[in-house]
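These notes are about the structure you will find just below.
2 protein chains.
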Amino acid sequence: MAAHDPDKRKSLTYDIYTVPIDTFFQSAFSIDCVVFGVSNKQLQVLLIQRGAAPYKNYWALPGDLVFPEEDLDTSAIRVLKDLTSLSKIHFKQVKAFGEVNRHPLGRVITIGYYAFVKIEDYTPKASFWAKKTKWHPVNSLPKLAFDHRAIVDACHERLQEDIIQYPIWKDVLPNKFTLTQLQEVFEGVLNTTFDKGNFRKKLSTYRFLKALNEMQTGVSHRPAELYTFNEKEFEKARQKGHRFDF
Amino acid sequence: MAAHDPDKRKSLTYDIYTVPIDTFFQSAFSIDCVVFGVSNKQLQVLLIQRGAAPYKNYWALPGDLVFPEEDLDTSAIRVLKDLTSLSKIHFKQVKAFGEVNRHPLGRVITIGYYAFVKIEDYTPKASFWAKKTKWHPVNSLPKLAFDHRAIVDACHERLQEDIIQYPIWKDVLPNKFTLTQLQEVFEGVLNTTFDKGNFRKKLSTYRFLKALNEMQTGVSHRPAELYTFNEKEFEKARQKGHRFDF
DNA sequence: TCAAAAGTGTTTTTTCTACACCCATGG
DNA sequence: CCATGGGTGTAGAAAAAACACTTTTGA
């Protein structure tokens, strides 16, 4: 592809730099995926055990180098699939991490992405150079490779901001869910607890939560009513500047 | 530096890839600086006119390639100084922009940074390959080079989120300021207007705004009381989860 | 009949909103 | 004495917070 032809670079006037233009074109970038989910009322993150140098055998985020002709957003999906076999995941970019010596192989900046998924629906399977995978509670992470801890933290903060603004909580709930399930997602992500009555009072003002007149079954207590998410109503609320203000 | 020695890469086992490891190390990254300020009650952004290909003569953000051994945060400061002679500016990284063909010279991803400064204190002077500089209202930008419009938009959104959470408004106000000046900063950034009485009522609950018992002088109307920002009190408020909720 | 969670109601306190009105200064 | 912002007060509405109580199910 023309864009990646070094000759094209040389044909252009780039004497503005005191070094040859090609010295700039010796870096790489990578993607690191922070895949969150909720289980046991706790926020979890998907880790892999690295089976390749550097940081071999360390727990780490699924992440890898971006191909020269690959868009960043596309790469996040591909990288996660390569390492964990998970697909159809929606990512959001958070930020770049670019310390000069963060990667022992050369100048590599990494772009952090996060996703928020149903743990039950996505059973990871280690592949490519990943040796193992596991879901781990965010509150008690082991030592991670590279600067992955900082990446997790930045993504967690972003998740906390996003969940009060976008309906990403629906991505970790069944189509039909109870209000308590919804509450537990918020509590897990925001790492706090809410008063049940007041929480529901607030929810009851949101028209994008539609009661289904359908009940939970098979629970050994009073069955809860099931709700569903209404996209159109949410869109209306969003345009008026909706936020969950907890 | 060892980290950038290609031989070191080759010495490591990297047969996990179907292409030579060096094919990844042929990209570059750049920084784009979105410097905001407020004047005439409007949010402004600093632009340069490009004096070098590509996009020669276009209005653009001050931005340039990152040196191989340069941290991203450091680079933002250096790049802005090279092109506009402005220094001592505090930047915050927003995100990466990495479409494959966003740059005609090759694979270049750019990292967007924003800063928020006093326009009066920072008079830019075009240098290096920049031909001109100017402050331009964010509400009516000309056509910009590359994907710079998207970068401005993302940074503006981040600025709007940050100003209600961090005391960055103090960076565009004199040490001693009036409450109306403060209100105008918020109005400019958030592109809205507030009721004076209610705005002040809210401010009066914030202990980090300290009245100085000192008055404005030389104005042809009732002089306003001057206030100052108290770092320690803000820190206390921040720990309790402070936000301006407008 | 008990445990467990669902679901509702009440009361108090706090905050928001929309205004109206007075004040101090320079010209 | 007037234009221009500075500055304060009030009343009503709305929202948040705390907490108590009733309901329904399976075991």
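Chains as they are written, first to last, in our numbering: chain A, 1 to 246; chain B, 247 to 492.
All C-beta atoms in this analysis are idealised placements derived from N, C-alpha and C, irrespective of residue type, glycine included.
Nearest-angstrom Cα distance between residue i and residue j?
i, j, result
"F244 of chain A", "V465 of chain B", "43 Å"
"F229 of chain A", "Q160 of chain A", "20 Å"
"K478 of chain B", "K236 of chain A", "41 Å"
"P167 of chain A", "Q181 of chain A", "14 Å"
"K447 of chain B", "H488 of chain B", "16 Å"
"F440 of chain B", "F492 of chain B", "9 Å"
"L61 of chain A", "W135 of chain A", "11 Å"
"L332 of chain B", "I397 of chain B", "20 Å"
"R238 of chain A", "F271 of chain B", "42 Å"
"I89 of chain A", "D64 of chain A", "17 Å"
"I109 of chain A", "A299 of chain B", "26 Å"
"S127 of chain A", "F445 of chain B", "56 Å"
"Q411 of chain B", "W169 of chain A", "23 Å"
"K234 of chain B", "A361 of chain B", "Shown here, chain B extends from 247 to 492; a query on residue 234 of chain B therefore has no answer."
"M1 of chain A", "E70 of chain A", "Caution is warranted here: a pLDDT of 39 is assigned to M1 of chain A, below 50, making its placement in the model unreliable, and no coordinate value can be reported."
"A457 of chain B", "Q339 of chain B", "33 Å"
"R348 of chain B", "F392 of chain B", "6 Å"
"K364 of chain B", "Y452 of chain B", "23 Å"
"R222 of chain A", "Q183 of chain A", "17 Å"
"W129 of chain A", "V265 of chain B", "15 Å"
Can the beta-carbon of residue i be found closer than 8 Å to that of residue j?
i, j, result
"D73 of chain A", "F97 of chain A", "no"
"V281 of chain B", "G434 of chain B", "no"
"A400 of chain B", "G352 of chain B", "no"
"V185 of chain A", "L173 of chain A", "yes"
"P314 of chain B", "T23 of chain A", "yes"
"G443 of chain B", "K377 of chain B", "no"
"L326 of chain B", "V384 of chain B", "no"
"T424 of chain B", "L472 of chain B", "yes"
"S30 of chain A", "V66 of chain A", "yes"
For the alpha helix (DSSP H) containing residue i, name the first residue and the last one.
i, result
"R296 of chain B", "Note, R296 of chain B: premise wrong, no alpha helix (DSSP H); beta strand (DSSP E) at 288 to 296."
"H394 of chain B", "394 to 409"
"L326 of chain B", "318 to 330"
"L203 of chain A", "196 to 203"
Give the range of the beta strand (DSSP E) segment to which residue i is assigned.
i, result
"T186 of chain A", "The sequence given here places Phe at residue 186 of chain A; Thr does not occur at that position. F186 of chain A -> not in any beta strand (DSSP E); alpha helix (DSSP H) instead, spanning 179 to 190."
"E214 of chain A", "209 to 215"
"A28 of chain A", "28 to 39"
"L65 of chain A", "63 to 65"
Could you tell me if the beta carbon of residue i falls within a distance shorter than 7 Å of some heavy atom in the ligand NAP?
i, result
"V354 of chain B", "Judged by which ligands are present, the structure shown has none, so any question about the ligand NAP falls away."
Item checked: Members of the stretch 323 to 346 of chain B near chain A, C-beta cut-off 8 Å -> Q339, V340, K341, A342, G344, E345, V346
Next item on the list: Pull out every residue of the stretch 300 to 315 of chain B whose Cβ sits closer than 8 Å to any Cβ of chain A, in chain order.
Entry: P300, L311, V312, F313, P314, E315
Check: What are the residues of the stretch 405 to 429 of chain B that lie near chain A, defined by any Cβ-Cβ distance shorter than 8 Å?
Finding: E407
Checklist line | Whole runs of the alpha helix (DSSP H) within the stretch 465 to 489 of chain B, excluding any shorter than 4 residues | finding: 477 to 485
Notebook entry, point to check: Enumerated in chain order, which unbroken segments of the beta strand (DSSP E) with a length of 3 residues or greater are wholly contained in the stretch 340 to 399 of chain B?
Noted result: 354 to 362, 376 to 383
Checklist line | Against chain B: residues of the stretch 214 to 239 of chain A by CB proximity under 9 Å | finding: none
Next item on the list: Give the residues from the stretch 102 to 118 of chain A that approach chain B closer than 7 Å (Cβ to any Cβ), ordered along the chain.
Entry: P104, L105, G106, R107, I109, I111
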